[in-house]
Amino acid sequence: MSGETTAVIRGRVHGAVQLRHTERGTPAARFTVIQVPREYDRARRQWHDGEPVPVICTVTGPIARHVAECLTDTVHVIATGNLGLRAGLLYLDAAQVGVDLAHHVAYIDDTLPAVLAGRAPAPPPRTTAAPEDAYHAQPGPPAPPAAPADWWRSPGSSRDTVTAPGR
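Here is the structure:
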């Protein structure tokens, strides 16, 4: 449609995400994002938070399931879509929704650590090291062997094949 206002909002999810299905079975999710604008006060020469602006976001289709599964209360998000004003409230028919990486670490299926994905056992818990004394000292793992002074040489090569920087 023409004449729609496309907007990008950035803020925190407020409350729970509601997932429903239409009569045809299409998933639809609805959630509220609170956007707090930053304003500069010239008299005080400092930034401060402005008046919070609630934006009611809706998404439909497969993205609705993803939104319902990934987003919870207080998660920072960035959403784009068509903005509208109805009964004094802002509504965003979101086309894209993502976690704001300035505030969170997000994993996708391919980058999920093996421990979190259940593909590897969890590492043993760390223990705090007690102060060392000669009586209670326990031998630790052996130190790795030191690199030989001529590590850069391969067997049978001469020093002339390696040049120092600046030569």
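Letter by letter, the sequence shown follows residues 17 to 183 of this note's numbering.
We treat Cβ as the ideally placed atom computed from N, Cα and C, and that holds for glycine.
Everything numeric in this text was worked out from a predicted model, so none of it was measured.
Please name the residue or residues paired with residue i in a DSSP beta bridge.
i       : result
Ala-110 : Gly-97
Leu-105 : Arg-102
Pro-43  : His-37
Pro-73  : Pro is not the amino acid found at residue 73; the sequence shown has Cys there. Cys-73 is bridged to Phe-47 and Leu-108.
Val-115 : Val-93
With DSSP collapsed to three states, give me the class of residue i.
i       : result
Val-29  : strand
Ala-80  : helix
Ala-136 : coil
Ala-23  : strand
Val-121 : coil
Val-131 : helix
Glu-85  : helix
Arg-54  : strand
Asp-65  : strand
Going straight from the alpha carbon of residue i to that of residue j, what length do you get?
i       : j       : result
Pro-140 : Leu-132 : 14 Å
Glu-20  : Gly-134 : 45 Å
Pro-181 : Tyr-123 : In this predicted model, Pro-181 has a pLDDT of only 47, less than 50, meaning its place in the structure is not dependable enough to derive any value.
Phe-47  : Thr-143 : 42 Å
Val-93  : Ala-59  : 32 Å
Ile-72  : Ala-130 : 36 Å
Gly-104 : Gln-51  : 16 Å
Ala-118 : Gly-27  : 11 Å
Arg-36  : Gly-77  : 11 Å
Leu-108 : Thr-74  : 6 Å
Val-69  : Thr-42  : 29 Å
Cys-86  : Ala-23  : 22 Å
Pro-137 : Ile-25  : 39 Å
Leu-106 : Arg-61  : 31 Å
Asp-116 : Glu-39  : 32 Å
Gly-66  : Val-49  : 15 Å
Please check if any C-beta of chain C sits within less than 8 Å of the C-beta of residue i.
i      : result
His-82 : The structure shown has no chain C; it contains just one protein chain.
With a Cβ-Cβ cutoff of 8 Å, do residue i and residue j count as a contact?
i       : j      : result
Val-33  : Ala-45 : yes
Gly-31  : Asp-89 : yes
His-120 : Val-91 : yes
Inter-stretch contact at 8 Å, needing at least 3 Cβ pairs: the segment 79 to 86 / the segment 50 to 57: No, the segment 79 to 86 does not touch the segment 50 to 57.
Segment contact flag, the segment 112 to 120 with the segment 94 to 101, C-beta cutoff 8 Å, min 3 pairs: Enough Cβ pairs lie closer than 8 Å, so yes.
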